[in-house]
Every structure is written in structure tokens, then in C-alpha cells.
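A.B. asks:
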Amino acid sequence: MVSELQGIGMTSRRTRMRLVQRLREAGIKNEDVLSALAETPRHIFLDEALSHRAYEDTALPIGYQQTLSQPYIVARMTEVLMAHSPSRVLELGTGSGYQTAILAQLVEEVFSVERIKPLQDRARERLRTLKLRNTLLRHADGGMGWPDKGPFDGIIVTAAPAKVPEDLLPQLADGGVMVIPLGEHTQMLTQIIRRGDNYDMTDIEPVRFVPLLGGVVR
Ligand code: SAH
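All residue numbers for the sequence shown refer to my numbering, where the first residue is 1 and numbers rise by one.
Following this line, the structure appears as C-alpha cells:
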């Protein structure tokens, strides 16, 4: 007889595969990215009251007026990043830690900055539970990036500034890629590739993110 816990595990794996199928239909092609999403239990990144909605393709609240991004957007941003095979990645906006967990399965090291301490604490706990040890978290205003640890082959920003924070650009390695939502009311997910002192910007698609804010919350 299947134990109750195994039963739940199997249900969630089946639901995850359905989500992956939807992402495939929505145009996500990178198989490594799809399997990272298939392997990662999104429900542990949510409060219990919302965990039954974890495998819907929708953004969900995580408290402090912040949201866990929609799986499609997580997959899309990761796919854009992975097209350049980065090994050291900087994430701004750890939030729940879900995007961090996906990246940690695909690249060598993930450095992630979050300005709200209680969110960071919970994210750290979840990453520990999943034994994703190649992640380093920092409580700070990520608008300045993480200069001591740069340059990074990849930078992913999961909150939207009006324009690219100036301090971030020099932290992108030559040939590196940044994925960032830009704009206030309407936002465009943008890819920035560094070639020497040139930064080539390409629009990806319109998105809706919470704003990148200054300062920290303890
Ligand atoms: N990647 C997250 C998305 C969280 S929403 C996830 O998968 O759950 C965006 C996050 O960015 C929020 O947690 C917010 O607190 C954080 N954030 C906003 N401005 C920031 C800043 N300047 N520095 C660091 N984190 C910031």
C-alpha cells in the first residue's frame, strides 16, 4: 500500500508534469530548463494555504506584497539565460527562492540578493531542504549588484526597475547575458548581452513584475 506521504509526492509529480506540458505548449524548448521545473516542488515555496495552487501557471503572493513569479516567466527567463551557458549567475530578488532553486540545478553557482530579510530567511530554509548548496544568499539592496563576487556570466533580475541600474553593467562579464524586466507601468522583459563596452539590448516580451525598490527591510 502506498503511504500517504508517497501518495502526495506522486500527485505533485504528476501535476508538475502537466505544468511542464503546458510550458512546452507555451513555447519553452530548453529540455534542461523543463526538467528542472519538473524536478522542483514549487509547493514548498508557498504558504500552506496557497500550496494547492502551486502547479497553476500563475504568479502567487508570498507576503510583504511580493509574488512568486509565474512558472512560464521563470522558465522563459531561465531559457534566455541558459542559451549562453553561464556558470556563475547573479539573481536580484530572491523572493521565495524558487527561481534560485531552478538556477542552482542548471549552473555552477548562484548568488542571490534579497532586500526583505524574512523572505530571505524562508528561502534559505527551502534551499537547505532541497540540498541546493551551490547558492549564496545576501541580504542587501541588490540595485548595486554584488560587486565583490562579480563579474557574472549571467544576471537575472526578478523585480522591475525603470531603467537598468548603472552599477550592474560592469558586473556583467564580457560575453555575459542579463535578463531584466524594464519599465514602470508597462514593462518589457529585456535581454542585454555585453560585448566589450557595448551592451546589446533585445526585447523579449511584455511582462508584469513587482518594482525593484531601494533600501532593506529587517
Ligand atoms: N525570484 C522570486 C521573485 C520574487 S518577487 C521568486 O522566484 O520567488 C521580487 C523580489 O525582489 C521580492 O522578493 C522583492 O523583495 C525583491 N526586491 C525588490 N527590490 C529589490 C532590491 N533592490 N534588491 C533586492 N531584492 C529586491
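Note that CB positions come from ideal geometry on N, CA and C, so glycine has one too. Keep in mind the model is a prediction, meaning the values are calculated, not measured.
1. 8 Å is my cut-off, CB to CB: does leucine 136 come that close to chain D?
2. What's the gap between the Cα of methionine 178 and the Cα of isoleucine 156?
3. Apart from the five residues on each side of it in sequence, which residues of its chain come closer than 8 Å, Cβ to Cβ, to glutamate 4?
4. Taking Cβ to Cβ, would you say glutamate 205 is nearer than 8 Å to leucine 189?
5. Does the pairing of the region 101-119 with the region 31-45 give three or more beta-carbon distances under 8 Å?
6. Of all the options Phe45, Ile28 and Arg208, which has the alpha carbon lying nearest to the alpha carbon of arginine 122?
7. Can you tell me whether valine 217 is buried or exposed, with buried defined as 16 or more other CB within 10 angstroms of its CB?
8. To the nearest angstrom, report how far apart alanine 159 and asparagine 198 are at their CA atoms.
9. With 16 as the cutoff for other CB atoms within 10 Å, does alanine 54 come out buried or exposed?
10. Thinking just about the alpha-carbon of each residue, which of Val210, Leu90 and Gln65 is nearest to the one in glutamine 171?
11. Would the region 59-74 and the region 128-141 be scored as touching if the rule is three or more Cβ pairs under 8 Å?
12. For tyrosine 72, does the three-state DSSP call read helix, strand or coil?
13. Taking only the alpha-carbon atoms, compute the straight-line gap between tyrosine 72 and valine 80 and give it to the nearest angstrom.
14. Methionine 201: buried (16+ other C-beta within 10 angstroms of its C-beta) or exposed?
15. Along the chain, which unbroken stretches of the alpha helix (DSSP H) at least 4 residues long are found entirely within the region 38-86?
16. Please list the terminal residues of the continuous alpha helix (DSSP H) segment that includes proline 118.
17. Inspect the beta-carbon positions of serine 96 and leucine 68 and report whether they are closer than 8 Å.
18. Can you find a heavy atom of the ligand SAH that lies under 7 Å from the Cβ of glutamine 105?
19. Which residues in the same chain as glycine 214 place their Cβ atom closer than 7 Å to its Cβ, once the five residues preceding and following it in sequence are excluded?
20. To the nearest angstrom, report how far apart proline 161 and glutamate 114 are at their CA atoms.
21. For glutamine 6, collect the residues of the same chain with a Cβ closer than 7 Å to its Cβ; drop the 5 residues on either side in sequence, then sort them by chain order.
22. Could you tell me whether any non-hydrogen atom of the ligand SAH is closer than 7 Å to the CB of threonine 40?
23. Is the separation between the beta-carbon of valine 164 and that of isoleucine 192 shorter than 8 Å?
C.D. replies: Considering the structure as presented:
1. Considering every chain present, this structure includes no chain D. It has just one protein chain.
2. Locating residue 178 in the sequence shown gives position 178, where the first residue counts as 1. Locating residue 156 in the sequence shown gives position 156, where the first residue counts as 1. Each residue's alpha carbon lies about 6 Å from the other.
3. As a first step, residue 4 is located in the sequence shown; it is residue number 4 there, counting from the start. Confidence at glutamate 4 is low in this model, with a pLDDT of 42, below 50, so its placement is unreliable and no value can be given for it.
4. Within the sequence shown, the letter at position 205 stands for residue 205. Within the sequence shown, the letter at position 189 stands for residue 189. Contact flag set, yes.
5. The region 101-119, when compared against the region 31-45, does touch it at the 8 Å Cβ threshold.
6. Locating residue 122 in the sequence shown gives position 122, where the first residue counts as 1. The shortest C-alpha separation from arginine 122 is found at Phe45.
7. Translated into the one-based positions of the sequence shown, residue 217 becomes position 217. The residue is exposed, with fewer than 16 neighbouring Cβ atoms inside 10 Å.
8. One-based indexing of the sequence shown puts residue 159 at position 159. One-based indexing of the sequence shown puts residue 198 at position 198. Whole-angstrom Cα-Cα distance: 24 Å.
9. The count along the sequence shown starts at 1 and reaches residue 54 at position 54. So alanine 54 counts as buried.
10. Locating residue 171 in the sequence shown gives position 171, where the first residue counts as 1. The shortest C-alpha separation from glutamine 171 is found at Leu90.
11. Judged by Cβ distances under 8 Å, the region 59-74 makes no contact with the region 128-141, as fewer than three pairs qualify.
12. The count along the sequence shown starts at 1 and reaches residue 72 at position 72. It is helical.
13. As a position in the sequence shown, residue 72 is number 72, starting the count at 1. As a position in the sequence shown, residue 80 is number 80, starting the count at 1. One C-alpha to the other measures close to 12 Å.
14. Here residue 201 corresponds to residue number 201 of the sequence shown, with the count starting at 1. Label assigned to methionine 201: exposed.
15. Here the runs fully enclosed are 71-82.
16. Translated into the one-based positions of the sequence shown, residue 118 becomes position 118. Per DSSP, proline 118 is one residue of the alpha helix (DSSP H) stretching across 117-129.
17. Numbered from 1 along the sequence shown, position 96 holds the residue referred to as residue 96. Numbered from 1 along the sequence shown, position 68 holds the residue referred to as residue 68. In this structure, serine 96 sits near leucine 68, with a CB-CB distance shorter than 8 Å.
18. Residue numbering aside, residue 105 sits at position 105 when the sequence shown is read from its first letter. Answer for glutamine 105: no, Cβ out of range of the ligand SAH.
19. The residue given as residue 214 occupies position 214 in the sequence shown. The residues are Asp141 and Gly143.
20. Position 161 of the sequence shown, counting from 1, holds the residue named residue 161. Position 114 of the sequence shown, counting from 1, holds the residue named residue 114. Approximately 15 Å, taken between the alpha carbons.
21. Locating residue 6 in the sequence shown gives position 6, counting from the first residue. Any reading at glutamine 6 must be qualified, since the residue scores a pLDDT of 46, below 50, and its modelled position is unreliable; no value is offered.
22. The residue you call residue 40 lines up with position 40 of the sequence shown. No, the ligand SAH has no heavy atom inside 7 Å of this Cβ.
23. Working through the sequence shown from its first residue, we reach residue 164 at position 164. Working through the sequence shown from its first residue, we reach residue 192 at position 192. Taking 8 Å as the Cβ cut-off, valine 164 and isoleucine 192 qualify as a contacting pair.
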